[in-house]
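Read the structure below first, then the notes.
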Amino acid sequence: MPLLETFSPSRAADNIPVPAIAHVSARKFRALPRPTLDWNDEVAREAAHLYERIKTVVPSVEWPFFAPYVQAINALKKERDAVILAHNYQTPEIFHCVADFVGDSLQLAREAAKTNAGVIVQCGVHFMAETAKILNPDKVVLIPDSRAGCSLASSITGDDVRLLRERFPGVPVVTYVNTSAEVKAESDICCTSSNAVQVVESLGADTVIFLPDEYLARYVAAQTSVKIIAWKGHCEVHERFTADELRRYRADDPDIQIIAHPECPPDVLAEADFTGSTAHMIDWVREKHPRRVVMVTECSMADNVQAELPDIAFVRPCNLCPHMKRITLPKILDSLLSMQEEVVVDPTVAAKARRAVERMIHLKS
Ligand code: SF4
């Protein structure tokens, strides 16, 4: 089913301010002194089992810099009663060495909903930290760098959703989790790239408004008979891939497997052997165990899977997300020491957004 209509953002995404960060609940925590971050025999010995996890993707010459931070962060997590959630696009030393839970947006949202820890440190981008806060209004949610935004999240505002509702009265709104709390609050239900088709079909409507990723909307429209009204938001990382570069990989090695994220343009997806969310891509590689694979998504994910499956050859068309890469070990440590930057969401907005997120989480898979 083709898209019914596609609407364009009414402003440059760069003009939209980063959502609110404040320092409210975190004030009850005292700042802690910075630990020594020396590389010595004791640190080397105690952190050796962690280096084992990443030795195929992190050169040994870099480990003496990372290891003292890893040790300090893991000790501080206990002191702060904190858990670290890390998205699949985080770098291997974060993903494999300090994270308590890893995954795609849906998996992280589910972990955020279940955790008993008093503090959540979100190693991902701002909308993910907002989602954790929406689901945990009584907990302190920290993001190590609040400038970690997202081109999709900043492509649309709550006003835009209200205007679309006026134009299409009665048509339900499905919103990708890559949006601000304000946009989620205006939505009927959220989705991720793992469950977008299922969410759209769960509504029992013949038409839905699907926001804000145009390419994910096109992908969903191709999988369902539900008519889709879309928005022209794009992921600045996935839209850079081209069909030509994938054809070149295949021409060089006809047996290569190409797996792609549905935020890529349709002509790129047409070249792929498999399309799926980051979680589905990882599952596919674990199950199929290809000899050689191209992961058409943010390039840290291939490093993270390579660390787990060293015998598979990963081809990395290295498109980095500059927002994800704002999160680093030194910033995570600073965040736990100072308990900043705390994510706050207006309680009224959070209550409305929670309905949309929880409706997605509780959808039977
Ligand atoms: S990879 Fe794309 S969708 Fe994901 S956070 Fe970066 S800009 Fe947003």
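Sequential numbering from 1 applies to the sequence shown in the working numbering. Where a beta carbon is used, it is the ideal one built from N, C-alpha and C, also for glycine.
Within the model, the alpha-carbon separation for V119 versus A129 is close to 12 Å. Residue state for I327 is assigned as coil, using DSSP reduced to three classes. For the 9 Å CB-CB criterion, D159 and W231 do not form a contact. In the DSSP assignment, no residue is bridged to E341. By the neighbour-count criterion, in which 16 or more other beta carbons inside 10 Å mark a residue as buried, T179 falls on the buried side. Counting along the chain, no alpha helix (DSSP H) covers R292; the unbroken beta strand (DSSP E) around it starts and ends at 292–296. Taken in chain order, the unbroken stretches of beta strand (DSSP E) that lie wholly in the region 127–160 and span 3 residues or more are 140–142. If the five residues before and after P144 are omitted, its C-beta is found closer than 6 Å to the C-beta atoms of I327, K331, I332, S335, all from its own chain and listed in chain order. L32 and R291 have their C-alpha atoms roughly 48 Å apart. Setting aside the 5 residues that flank it on each side, F101 is surrounded in the same chain by L85, E111, each with a C-beta closer than 6 Å to its C-beta; the list follows chain order.
Residue burial is scored here from C-beta neighbours: A217 has at least 16 other C-beta atoms within 10 angstroms and is therefore classed as buried. When the alpha-carbon of P137 is set against those of G170, D255, L76, K352, the nearest one is in K352. Taking C-alpha positions only, S187 is separated from L163 by approximately 12 Å.
Relative to the ligand SF4, the nearest heavy atom lies less than 8 Å away from the CB of H323. C235 has its CB nearer than 8 Å to a heavy atom of the ligand SF4. A residue is called buried once 16 or more other Cβ atoms fall within 10 Å of its Cβ, and A75, having fewer, is exposed. In terms of CA proximity to P9, H234 leads the group E298, H234, M339. Rounded to the nearest angstrom, the Cβ distance from I361 to A153 is 19 Å, too far for a contact under 8 Å. For A260, DSSP records a beta bridge to T275, V296. Within 8 Å of the C-beta of C150 there is at least one heavy atom belonging to the ligand SF4. Secondary structure at Y219: helix, using DSSP grouped into helix, strand and coil.
DSSP lists L85 as the bridge partner or partners of F101. Comparing alpha carbon positions, the residue from R34, P262, E271 closest to P254 is E271.
In this structure, C190 is the residue among V121, C190, E263, E298 with its C-alpha nearest to the C-alpha of E358. Two segments are said to touch when three or more pairs of C-beta atoms, one from each, lie closer than 8 Å; by this definition the region 295–308 touches the region 270–287. For F66, the enclosing alpha helix (DSSP H) covers residues 63–80.
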